[in-house]
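A.B. asks: Dumping the structure here so I can ask a few things about it.
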Amino acid sequence: MIPRVQKTIAEYPFQFWVIFCGRFIGSAGGSLVWPFISIYLRQRLNIPMTTVGLLFAVSSGVGLVSQFIWGSVVDRFGRKLAMVVGLLNGIMVMMGFALLGSLGAYAVLIALSGLIEPASRIGSDAMIADLVEADKRAGAYALLRQISNLGVAMGPAVGGFLAATSYLLSFSIAAAAHGAVLLLTIFMVKETKPELREAEEEVYQPAGGYGYILRDLYFLAFCGASILLLMAYQPFLQILPVYMKEGFGIAESGFGVIMATNGLMVVLFQFVVTRVTERYPETYVMAAGAFFTGLGALAAALSNNFWLFLLAMIILTIGELIWAPTSIAFVAKLAPIDMRGRYMGVYGVAGGIAWGIGPVTSGYFYDHIAPVSVWYLALVLGMVCTLAFGFIGKMATLARQPSLAINPQDETTE
């Protein structure tokens, strides 16, 4: 066991492990509050779920534009700057939720989160792609998911009990966690932006380099299918705690335990699962993950007590273990080395679209059709994107333009 751990540590550079530690602190702090934010807004402001969904749609809508901006910033000015700005914003948003109390104020805070939060994610994802060789990236992203979900496992379990006592304390601790990661980033993380010759940097500059990406139809198809997958996944984070409490009388602490189970499964099994899935084509791996996501939604639709909801989350998490690290590693694989930030940004836009449409759609189904209809919608989306990823896999040799694939020679010059 110890030799295996030592071997894993030796596979990745020191700075990767610094980011690894930061991910744990940030995820533990953030997950104290974000899983319960729907309940917090609904209770404090007495607003319907459709309005809660609209608030999250504001964040996602703003994020659609900011993804493009931060992608270019990361590629041109560096990864570290973006990470620092994102963490500073996280501190401000957490303290704002702790101290303010109106719908307008929360709308502004959520919009700021959507505008600036992508900076840290895009910067760190691009930095990992810089630091780690292509054949080890899926494992690297899997390790980051493991440690992040250790924080997610701890955060909601504690946050559920804190939420029943003091949301102010929850937000304050979350802000302090962001501050700790900020200090770690400032003093221990070095810039990794590849230094390219001026002629190379000018190759993809028209339209900020995004014209080049818009010709990569294979990548864009992958992003489209990912939107459906994220829309199927989203209700488990935003609708499920409200659905459990209002429909079946299961308190926040029960949802906290369910989310903790999700996190612990990732902690225990993510790296092992990824070692298996990285042997297969990425699009087919994504299809398998999407299938389990839809199956988890079906299980949620049939649930009426804590244990059945726990089973539904376990099924969903199996899918998540399969698709989550594969998706970002595949994006890094497709991106030229001087466009990693922008590729990450466009993939983030896909997530923004999903998180913009998803909450509003789920909220509408919950309020105006039937709460259980949310899960049947997620089931359909999961099955549709299962077929979509399978079709994209068939496109690999037909529709993908060879000129848009990352040059293998570039991979050896990092």
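Residue numbers (the working numbering): 2 to 415.
Glycine included, each C-beta is placed from N, C-alpha and C at the ideal position.
1) Determine whether the beta carbon atoms of Gly383 and Ala291 lie at a separation below 8 Å.
2) Where Phe78 and Phe310 are concerned, what is the direct C-alpha to C-alpha distance, given to the nearest angstrom?
3) Could you tell me the alpha carbon to alpha carbon distance between Gly297 and Gly357, rounded to whole angstroms?
4) So that I know if they touch, is there some Cβ in chain B lying closer than 8 Å to that of Leu101?
5) Which residue from Tyr365, Met96 and Leu100 puts its Cα closest to that of Ala176?
6) Please report how far the alpha carbon of Ala406 lies from the alpha carbon of Ile338, in whole angstroms.
7) Nearest to Ile20 by CA position, among Ala112, Glu321 and Leu184, is which residue?
8) Could you tell me whether the Cβ atoms of Ile354 and Leu65 are closer together than 8 Å?
9) So which of Ile316, Arg45 and Ile393 has the shortest CA-CA distance to Gly102?
10) Give me the Cα-Cα distance between Val53 and Ala108, rounded to the nearest whole angstrom.
11) Can you tell which of Ala313, Tyr377, Thr186 and Met314 has its C-alpha closest to the C-alpha of Met84?
12) What does the Cβ neighbour count give for Ile419, buried or exposed, with the cut at 16 atoms within 10 Å?
13) Please list the terminal residues of the continuous alpha helix (DSSP H) segment that includes Asp131.
14) Take Leu229 and list the residues in its own chain whose beta-carbon comes closer than 7 Å to its own, dropping the five residues that flank it on each side.
15) Do the CB positions of Tyr344 and Ala351 come within less than 8 Å of each other?
16) Using CA coordinates, which residue listed in Ala130, Phe270 and Ala379 is at the minimum distance from Gln16?
17) Would you mind stating whether Gln271 and Arg146 have Cβ atoms separated by less than 8 Å?
18) Considering Leu215, what are the terminal residues of the alpha helix (DSSP H) in which it resides?
19) CA-CA distance, Pro242 and Pro195?
20) Whose CA, out of Val286, Val59 and Leu378, lies closest to the CA of Thr327?
21) Measuring CA to CA, which of Val332, Gly359, Met340 and Val361 is closest to Tyr348?
22) So the alpha helix (DSSP H) Trp35 belongs to, where does it begin and stop?
23) Thinking C-alpha only, which one of Phe25, Phe98 and Ser67 is nearest Ser39?
24) Inspect the CB distances between the segment 358 to 365 and the segment 246 to 264 and report whether three or more fall short of 8 Å.
25) Here's the rule: buried if 16 or more other CB atoms are within 10 angstroms of the residue's CB, otherwise exposed. What is Gly30?
26) I need the DSSP call for Pro14, collapsed to helix, strand or coil.
27) Thinking just about the alpha-carbon of each residue, which of Leu89, Pro14 and Tyr219 is nearest to the one in Lys334?
28) Could you give the first and the last residue of the continuous alpha helix (DSSP H) run that contains Tyr344?
29) Less than 8 Å between the beta carbons of Pro49 and Phe256, yes or no?
30) Answer with buried or exposed for Met340, where buried requires no fewer than 16 other C-beta atoms within 10 angstroms of its C-beta.
31) Give me the Cα-Cα distance between Leu110 and Val133, rounded to the nearest whole angstrom.
32) For Glu201 and Ala112, what's the separation of their Cα atoms in angstroms?
33) Identify, in the order they occur along the chain, each residue of the same chain with its Cβ nearer than 8 Å to the Cβ of Gln7, setting aside the five sequence neighbours on each side.
34) Express the C-alpha separation of Gly346 and Phe69 in angstroms, rounding to a whole number.
35) With a Cβ-Cβ cutoff of 8 Å, do Ser121 and Gly156 count as a contact?
C.D. replies: For this structure:
1) yes
2) Spanning the two alpha carbons is a distance of roughly 45 Å.
3) 22 Å
4) You won't find chain B in this structure, because it holds only one protein chain.
5) Met96
6) Interpretation of Ala406 is limited by its pLDDT of 39, a score under 50 that renders its predicted location unreliable; the figure taken from the coordinates is listed afterwards. Spanning the alpha carbons of Ala406 and Ile338 requires a straight line of approximately 11 Å.
7) Leu184
8) Yes, they are a contact pair.
9) Arg45
10) Cα to Cα, Val53 sits roughly 10 Å from Ala108.
11) Thr186
12) The requested residue 419 does not occur in the structure, where the chain is confined to residues 2 to 415.
13) Counting along the chain, the alpha helix (DSSP H) containing Asp131 begins and ends at Leu104 to Leu132.
14) Around Leu229: Leu382, Val385, Cys386 and Ala389.
15) no
16) Ala130
17) yes
18) Tyr211 to Leu215
19) 43 Å
20) Val286
21) Val332
22) No alpha helix (DSSP H) contains Trp35, which DSSP labels as neither H nor E.
23) Phe98
24) no
25) Gly30 is buried by the Cβ-count criterion.
26) DSSP, reduced to helix, strand and coil, places Pro14 outside both helices and strands of the structure shown, so it counts as coil.
27) Considering only alpha carbons, the answer is Tyr219.
28) Arg341 to Tyr365
29) Cβ distance not < 8 Å, so Pro49 and Phe256 don't count as in contact.
30) Burial of Met340 is indicated by the presence of at least 16 other C-beta atoms within 10 angstroms of its C-beta.
31) Straight across, the Cα-Cα distance linking Leu110 with Val133 is about 35 Å.
32) For Glu201, the pLDDT reaches just 47, beneath the cut-off of 50, and the residue's location in the model is therefore unreliable, leaving the point undetermined.
33) Answer for Gln7: no residue qualifies.
34) Rounded to whole angstroms, the gap between the alpha carbons of Phe69 and Gly346 is 6 Å.
35) no
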